[in-house]
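In terms of full-length UniProt numbering, the sequence shown has 117 at position 117, counting the first letter as 1, and numbering is strictly consecutive.
Cβ coordinates follow ideal geometry from the N, Cα and C atoms, glycine included.
Written out below as structure tokens is the structure these notes cover.
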Amino acid sequence: MDDSTDLEITRRWMKEHADGTIGHEIEASITKGVRVVKELKGFLLCELVIHNGLSDENENWHVGAIATLVDIIGNLAAYSLTPYQVTVDFSISYLSTAKVQEEVEVEAKVIGKKDNMTSVIVQVRKKENAVMVALGKLWFSEVKMKWVQGLEHTPGQMEEPSDLKVILQWIKDIEDGTISHEVEASVTKGLRIAKAHKGFLLCDFIIHNGLSDENGNWHVGAIATSVDFIASCAAYSFTSCHQVTVDFSISYYSTAKVQEEVEVEAKAIGKKDDLTSVIVGVRKKENGELVALGKLWTSAVRRNAIHQESKL
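Here it is as structure tokens:
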């Protein structure tokens, strides 16, 4: 396959994700309005005007939407060099915010390849002034493949009732759309808190169709969004302060299918000044197999409401 054919497939793949021909609702929403400006072998530059469906309750670009787009664009850049890639390691740092209706640029560049592994750097900048919004670093692995509701909790297991009651209400409000937007509502649909105490949260849920990729696997962007959200809840229960994510890394160890039940366990492991460190493990409930492991730093923000900007 020559370069022009690879790049044509890359452009078509992006278009089909955006219009819902392939993939599912999370990809279609995240890539809606994305325009490919420049593409070379191992390089992709895209532009996007942030639409309302990608915002949090403060009208900032939702960090989960940013992470998912970074993964998709990074994957496309890797695909243009080596077909059929899956994300195995992903870290992202958030350096500033962007508002709804702001125009941003997303630049993905392959910086290295070793055996069947490809390394990609993705920069997200405001188009108007080039202010960096986020920086992602990803490793992809080549694979042989055909291209192509209600919130509950378990009684008697809750400590620190005031903080955790706030978290329960917060998740419920997000899920039913009272606060936030479609990204958070989709990711938290069916989330059940099984156990919670100060600095610790164990949740389980069944992966629904809206969180799948075109192969019927739990979309890696949706995993990252769930990990960030539950980590933020655990950090809040530990500090009683509103939290925003400032650094996030996640490694993917296996896949999970639609209708599989998974557990997400978040634990605050340290605190320094206004920063809180959280580890999040995602496992299949049936056999305990590790799906993903996230490591996050969140920063306390003093404000009256629990509503947060960062619920990846």
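Hey, quick one: how far does the alpha helix (DSSP H) through residue 220 stretch, first residue to last?
220–239
Candidates 193, 298, 211: which alpha carbon is nearest residue 273's?
298
Less than 9 Å between the C-beta atoms of residue 73 and residue 28, yes or no?
Not in contact: residue 73 and residue 28 (Cβ atoms no closer than 9 Å).
Starting from residue 67, follow the alpha helix (DSSP H) in both directions and report where the run begins and ends.
63–81
Using C-beta distances below 6 Å, list every residue in its chain close to residue 249, excluding the 5 sequence neighbours before and after it, in chain order.
Around residue 249: 91, 295.
Hey, quick one: how far does the beta strand (DSSP E) through residue 252 stretch, first residue to last?
Taken as a continuous stretch (DSSP letters only), the beta strand (DSSP E) holding residue 252 covers 242–252.
With C-beta atoms as the reference, is residue 64 less than 9 Å away from residue 228?
yes
What does the alpha-carbon distance come out to for the pair residue 75 and residue 137?
11 Å
Would you kindly work out how many angstroms separate the C-alpha atoms of residue 236 and residue 282, rounded to a whole number?
19 Å
Could you please give the first and the last residue of the uninterrupted beta strand (DSSP E) stretch that includes residue 214?
Element bounds for residue 214: n/a, residue is neither H nor E.
Compute the Euclidean distance between the alpha carbons of residue 33 and residue 300, then round it to the nearest angstrom.
Using only the alpha carbons, I get a separation of about 33 Å.
List the endpoints of the continuous beta strand (DSSP E) containing residue 123.
117–126
Report all residues from its chain with a CB closer than 6 Å to the CB of residue 69; omit the five preceding and five following residues, and keep chain order.
30
On the premise that residue 117 lies in contact with residue 123, defined as a C-beta separation below 8 Å, what is that separation, rounded to the nearest angstrom?
Between residue 117 and residue 123 the Cβ distance is about 21 Å, and since that is not below 8 Å, they are no contact.
What residue from 223, 239, 208 has the CA that sits closest to residue 200's CA?
239
Would residue 59 and residue 106 qualify as a contact pair, given that the criterion is a beta-carbon distance under 9 Å?
Taking 9 Å as the Cβ cut-off, residue 59 and residue 106 do not qualify as a contacting pair.
Can you find the residues in the same chain that come closer than 8 Å, C-beta to C-beta, to residue 35, ignoring five residues on each side of it along the sequence?
Taken in chain order, the residues that qualify are 46, 47, 48.
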